[in-house]
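When you line the sequence shown up against the working numbering, it's residues 17 to 639, in that order.
For reference, the structure is listed below as structure tokens.
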Amino acid sequence: MRLSYHLIACTILSLTILSSCQSENNKMQTKNEASSDRNDTHSSAQPDKAVSQHLSLDLVVDFESKTMEGSVLHKIENKGSNEIIFDTKGLKISKVEIDTRSEPVDFELAADKKFLGSALTVPIDEETKEVKIFYSTTSESSAVQWLNPIQTTDKIHPFLFTQGQAILTRTWIPCQDSPGIRVTYDAKLQVPEELMAVMSAENPKTKSADGVYNFRMEQAIPPYLIALAIGDLEFKAVGPRTGVYSEPSMLEKSHYEFGDMEKMLVSAEELYGPYLWDQYDVIVLPASFPFGGMENPRLTFATPTILAGDRSLTALIAHELAHSWSGNLVTNATWDDFWLNEGFTVYFERRIMEALYGVPYVKMLTQLGLQDLDGEIEDLGSHSHDTHLKLNLEGRDPDDGMTDIAYEKGALFLMALEEQVGRERFDQFLKKYFNDHKFQTLTTEEFIEYLQTNLIETDKVEIDLNAWIYGPGLPAKKPSVTSDRFSKVESFSANALKDKNWNKSKTKDWTTHEWLHFIRTLDEEIDLKDIQKIQEVFQFNTSGNSEILAAWLEFSINTGHYKEITNELEEFLVSVGRRKFLTPLYKALKNSDDLKLAKDIYTKARPNYHSVSQQTMDALLNE
Ligand code: BES
Ligand code: ZN
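Below you can see the structure in the form of structure tokens.
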């Protein structure tokens, strides 16, 4: 669906009226950027010519050669074109067939474009219904990480997982890799007999006898959500519709950690309507997984670093579950509209957490998020275009523009709307929004239009949409959040520093979030003696909680007193591949003029990282 020029003009006009307090400068940006174009600059596919609707994978997975080889068959709709274009990157394409014709067709593989890869053009005719591409992955297939046994948790069997978002699915499946295109899929995978394969689809609960697995995903999804994991996996149900997969040694711990998953699912449904994907499972991957979590439908991929032992890091599960509505059901049309996925999801995540654990808990989560947001705006620069909700990522790796802005400024914007109309009315709006757009994709401008019609005009909302969506930094008028529990942390810390008395008993009911706030508010000019005392009393160096450990390591580096923790730092960086932890730690080392230590550790750690993390750290350390 393309917005007419008239609609675009109306949207821009009403934005301008609403934002009469905006500077001239920002108005200009609005006009330049408010293109309601659904054209995705990160895909070569031209879906208005011919579009894939369903794909069938048939792959043999070989851990010896570290390749997947076989074919993908696309069922297509030809809209009157003589060619169909797919995205590919780092793939070896050997042959292409169309329909039942016996002769392969002459396909064309374009030169490799930066970030985008090589467009594959296949000649088709009016009647063409199927295109079958024979191919193999290569060492350049950056979605895929092949782990040797030693790199897994149990260290006995090899492991493989893929990461599709943002534009990596094309490195293991030739496809029309745009979030604005949806496909259903099925797959047949041949894997070593001792391993189990799972996908973002209907999944097995036990290993097959012959290593062959068949999958079906009957709901249409954008290709970035096609995902595969293979390893020595076991399954344990949490509730009737929820469960966990992991390597054997982590299964019980994961099962305990995610014990509230079924309750999360039920409260999510109570908020914004039925869960339309039938089953919701989480797979706990080896520690190299580059993200905290990835919302692959029916099967969230998660880092083992959220297994804190006390269920304190499960907001991440609420987040990935919330994507079952915001993101997977209603999807950003292009990566410039990424905030539609993540901002809504952070807002939704916190509503789930509030329903389960109450307001004070969520105030802490929100506060930590706002601190991240302030830090991000400072890093990017308060006038940077990358601080706009609507991004312009053309010509760049979309990964580079995906910052905390989409998450936290996006969520804050929704909180601002909620503040205007009240919670009940806002929930009603959101529920209708998800239902009206289910299994569809939306641009920012289409969302704005919907928001105008269904909330702003009906409820006479006064909000500076232009500043929120197309403006830099944060609007002056924004929701404020305070946390009593954090205020207590601050006074504890101030008193202890003054009296040189760290009375541990006063912190006995603190959760992870209070500890994080505590560490974040310590002054980097702190005396070495105080650091040593804090370490002696609270033992952060050896914390089994990854968030606390990472925060403490970062703080220690920033104080300059980190020689004592070099071993812990190295062990953490070598064993964990989660980018959110790696980036601040390597950055802190670099800023402390210890590029040498950073590079020495990175040389050891790099082979353990997924390409997503490698790419970021390569850029950071070789600038
Ligand atoms: N979809 C994202 C992960 C992602 C974003 C992958 C952009 C590739 C490109 C996922 O839902 C996410 O946001 N994960 C966060 C955790 C969350 C609690 C904020 C993460 O991994 O840190
Ligand atoms: Zn997310």
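Ideal Cβ placement from N, Cα and C applies to all residues, glycine included.
Model, not experiment: these values are computed from the prediction.
Classify ILE547: buried if its beta carbon has 16 or more other beta carbons within 10 angstroms, exposed otherwise. buried
Cβ-heavy atom distance between THR319 and the ligand ZN below 7 Å? no
DSSP-derived helix/strand/coil call for ALA641: A question about residue 641 goes unanswered here, because the residues of the chain that appear run from 17 up to 639.
Those residues which DSSP pairs with TYR229 across a bridge: LEU205
Let me check one thing: in DSSP terms, what residues is HIS453 bridge-paired to? DSSP, once it has assigned bridges, lists no residue as partnering HIS453.
Hey, could you find the ends of the beta strand (DSSP E) VAL138 is sitting in? 134-139
In chain order, what are the residue ranges of uninterrupted alpha helix (DSSP H) at least 4 long that sit wholly in the region 446-518? 460-467 and 500-515
Distance, GLU586 Cα to THR619 Cα: 11 Å
Just how far apart, CA to CA, sit SER270 and ASP326? 11 Å
Checking the sheet assignment: what are the DSSP bridge partners for PHE177? GLN161 and ALA245
Just checking LEU361 against the ligand ZN - is the residue's beta carbon closer than 7 Å to any of the ligand's heavy atoms? Position check: residue 361 holds Thr in this sequence, whereas Leu was assumed. THR361 Cβ: within cutoff of the ligand ZN.
Grouping DSSP H, G and I as helix and E and B as strand, with all else coil, what is VAL254? strand
Alpha-carbon to alpha-carbon, LYS476 and LEU637: 51 Å
Does the beta carbon of ALA182 fall short of 7 Å from some heavy atom of the ligand BES? yes
Buried versus exposed call for THR632 [16 or more other C-beta atoms within 10 Å across all chains shown]: buried
Compute every distance between the C-beta of ALA641 and the non-hydrogen atoms of the ligand BES, then say whether any falls below 7 Å. The first residue shown for the chain is 17 and the last is 639, placing residue 641 beyond what the model contains.
Suppose contacts are defined by Cβ-Cβ distances below 8 Å. Is PRO264 in contact with ASP352 by that definition? no
Quick one: grab the DSSP three-state call for TYR240. helix
Would you check if there are 3 or more beta carbon pairs closer than 8 Å linking the region 356-368 to the region 415-433? yes
With DSSP collapsed to three states, give me the class of SER39. Unreliable placement is indicated for SER39, whose pLDDT of 37 sits below 50; the coordinate value is still reported in the next sentence. Coil at SER39, not helix or strand.
Mind the definition here: the region 77-88 touches the region 153-171 only if three or more C-beta pairs lie below 8 Å; say whether that holds. yes
Measure from the alpha carbon of THR582 to the alpha carbon of each residue in GLU563, THR558, GLU530 and ILE564, then state which is nearest. THR558
Output the distance between the C-alpha atoms of ALA318 and PRO306, rounded to the nearest integer angstrom. 9 Å
What I want to know is whether the C-beta of HIS401 ends up closer than 7 Å to one or more non-hydrogen atoms of the ligand ZN. no
Within 8 Å of any Cβ in chain C, is that where the Cβ of PHE442 sits? Going by chain labels, chain C is absent from the structure shown, which holds only one protein chain.
What did DSSP end up calling ALA672 once you bin it into helix, strand or coil? The structure shown does not extend to residue 672, since the chain is modelled only from 17 to 639, so the question has no answer here.
Alpha carbon to alpha carbon, what distance is there between LEU287 and PHE442? 11 Å
At a cut-off of 7 Å, would you count GLU358 as near the ligand ZN, judging by its Cβ distance to the nearest heavy atom? yes
Note down, one range per segment and in chain order, each alpha helix (DSSP H) of at least 4 residues found wholly within the region 255-320. 267-273 and 277-288
Is there contact between the region 478-487 and the region 374-394, where contact requires at least three CB pairs shorter than 8 Å? no
Roughly how many angstroms separate the alpha carbons of ILE28 and TRP568, rounded to a whole number? Residue confidence is low: ILE28 scores 42 on pLDDT, short of 50, so the model does not pin down where it sits. No coordinate-derived value is stated.
Of all the options TYR201, TRP293, ILE299 and ALA182, which has the alpha carbon lying nearest to the alpha carbon of MET212? ILE299
Cβ neighbour criterion (16 or more within 10 Å) applied to ILE172: exposed
According to DSSP, is MET84 part of a helix, a strand, or is it coil? strand
Using 7 Å as the cut-off, classify the Cβ of GLY426 as near or not near the heavy atoms of the ligand BES, replying yes or no. no
Assign ALA127 to buried or exposed, taking buried as 16 or more other Cβ atoms, counted over all protein chains shown, within 10 Å of its Cβ. exposed
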